[in-house]
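Letter by letter, the sequence shown follows residues 62 to 428 in the numbering used here. Glycine residues also receive a C-beta, built at the ideal position from the N, C-alpha and C atoms. As the structure is a prediction and not an experimental result, all values here were calculated from the model. Quick notes on the structure that follows.
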Amino acid sequence: MKNNIGISEIKLTENEIDAAVRVLRSGALRQGKECDAFEREFAEKTGAKFAVSSANGSAALHLAYMAILQPGDEVLVPSFTFIATGSMVTMAGGKPVLCDIDPDTFLLDLKDAERRLTPKTRAIAPVHLFGNSCDVEALGNFARRHGLAIVWDAAQAHGAQFEGRDIGSFGDFVCYSFYPSKNMFVGEGGMTCTDNPEYDHKMRSLRSHGQTGKYYHTIMGLNYRMTDVEAAIGREQLKRLDDMLAVRRGNAAILNDGLSGVLGIRPQAVTAHSLHAWHQYCIVVDPEEFGLDRDGLAQRLMAQGIATGVHYPRGLHQQPVFEQLYGKTSLPVTENLAEKILALPVHHGLTPDEAAAIVAAIRGCRV
Ligand SMILES: Cc1ncc(COP(=O)(O)O)c(C=O)c1O
């Protein structure tokens with residue numbers, strides 16, 4: 062086994078590099094024709110009506126929240142996620158109301174979210190965590206019943222599907238990141254899909270200082286534009302997204318087969334009627350049943366050249382910044398998962414033999 066198989070050796074292809082160089086040589090570095098084309102092609106790929114490119118995935122979320130929130134509006138956010146799902150609500154003038162998660166799928170627990178509804182709740186922000194699609198139907202019904210907008214955080218879920226449909230085609234806002242570790246990676250970049258022409262229009266203005274005409278500003282905005290260099294890479298990469306996902310899915314199947322039945326190891330449960338995009342392959346390590354705790358297993362794997370990760374070591378409600386802003390609270394499922402979760406390599410640079418070797422290494426660690 063080559064050393065450090067967990068560290069993804071994700072590189073751009075020659076075609077992607079050529080596309081970037083073509084833009085560099087043209088001198089047209091800012092947001093322009095390549096961004097327009099990337100937006101069109103991304104919308105076509107996901108089945109969304111519109112796609113708005115931006116500087117990164119956090120900006121994609123911020124634009125969505127800014128498009129709908131009034132000061133003090135509350136947004137239901139799962140606590141087990143990356144900081145930006147919650148912090149961008151605060152940055153848009155709202156308040157993230159942190160909710161617990163389902164222990165099997167690791168996704169927002171709707172029952173817990175329902176208990177946290179108030180007259181100020183304006184939106185819900187489910188996260189397709191690690192590429193596992195949320196139950197889009199249940200969330201859609203919930204949002205309709207309570208008059209909420211949905212801001213889907215799909216930063217980790219390019220190519221995930223629910224009931225045979227790409228998750229980018231569902232609704233109000235679907236926010237993606239193209240950070241280098243993601244299923245699509247252009248450097249820094251983001252995209253917000255929407256079916257709503259007003260949201261599309263508003264986000265385009267917000268990402269360019271609220272400009273609606275040349276040097277004419279009607280709302281408060283930011284500079285959140287993507288550049289044409291990144292868009293050119295993204296356009297080229299979109300062509301191989303399905304192939305990269307197929308490798309991830311193949312690797313996940315090997316891990317699933319090999320790890321099912323290993324006492325003390327429980328992989329993330331895939332949502333019913335969905336197709337996982339396997340940005341991360343995460344397991345829960347039960348120290349009593351496995352004989353080693355999460356950190357012990359990670360160390361043993363590292364010693365064999367298998368790098369793992371902990372996403373995430375604490376919930377957002379345990380982050381000092383949120384504790385200071387909103388006070389301390391307890392979300393037991395999130396806290397328990399944060400202690401036991403471990404991400405194994407699954408990326409598209411991993412070979413099937415390496416995936417099988419990971420299974421063998423984990424089986425060999427059990428005491
Ligand atoms: C769930 C989630 N949301 C939002 C983001 C923010 O994306 P970016 O890093 O491109 O700003 C990330 C990226 O790590 C993420 O994983």
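In terms of alpha-carbon separation, which member of the options lies closest to residue i?
i    : options                : result
I78  : R101, G201, G282, R296 : R296
T74  : A421, R286, M245, A338 : M245
A421 : E400, L320, P328, E102 : L320
R375 : I402, G322, H334, L358 : I402
V247 : P406, S115, T412       : S115
C426 : R355, H409, E415       : R355
T332 : L90, Y387, V188        : V188
L405 : A418, N397, P393       : A418
V428 : A416, G352, M281       : G352
V408 : Q329, T369, S119       : According to the sequence shown, residue 408 is His rather than Val. With distances taken between Cα atoms, H408 lies closest to T369.
L124 : L358, T151, P413, L137 : T151
A186 : T279, D214, S242, L411 : D214
Mind reading off the beta-carbon distance from residue i to residue j? Whole number of angstroms is fine, and I expect it under 8 Å.
i    : j    : result
Y237 : A121 : 6 Å
L171 : F203 : 6 Å
D227 : T107 : 5 Å
A81  : A293 : 6 Å
L137 : C160 : 6 Å
So does residue i have its beta carbon nearer than 7 Å to some heavy atom of ligand 1?
i    : result
G251 : yes
S194 : no
Y240 : yes
T395 : no
A404 : no
F143 : yes
V136 : no
S119 : yes
D214 : yes
T107 : no
T179 : no
T146 : yes
V150 : no
Q365 : no
Q217 : yes
S158 : Looking at the sequence provided, one finds Val at residue 158 rather than Ser. Result no, Cβ not under 7 Å from ligand 1.
V188 : yes
Going by the CB atoms, is the gap between residue j and residue i shorter than 8 Å?
i    : j    : result
F143 : A199 : no
H219 : L168 : no
L291 : G325 : Note that residue 291 is Glu in the sequence shown, not Leu. No, the pair does not count as a contact, with Cβ atoms beyond the cut-off.
L130 : G154 : yes
G192 : A221 : yes
C195 : A104 : no
Y373 : A338 : no
N257 : D233 : yes
A145 : A184 : no
Y342 : A313 : yes
G274 : G282 : no
V158 : E135 : yes
G133 : K156 : yes
Please report the residue range of the beta strand (DSSP E) in which residue i lies.
i    : result
L405 : 402 to 405
L137 : 135 to 139
M245 : Note, M245: premise wrong, no beta strand (DSSP E); not H, not E.
A216 : Here A216 belongs to no beta strand (DSSP E), and DSSP marks it neither H nor E.
C236 : 234 to 238
V158 : 156 to 160
G251 : 251 to 255
Let's see if you can read the secondary structure: which residues bound the alpha helix (DSSP H) around residue i?
i    : result
D303 : 302 to 320
C110 : The question names Cys, yet the displayed sequence has Lys at residue 110. Element bounds for K110: n/a, residue is neither H nor E.
I294 : 289 to 299
M149 : 144 to 152
A417 : 413 to 426
P164 : Run containing P164: none; DSSP gives neither H nor E here.
I129 : 118 to 129
A81  : 75 to 87
A359 : 355 to 364
G201 : 197 to 207
Verify the contact flag: residue i, CB atom, against every heavy atom of ligand 3, threshold strictly below 7 Å.
i    : result
L122 : Although ligand 3 was asked about, the structure shown includes only ligand 1 as ligands.
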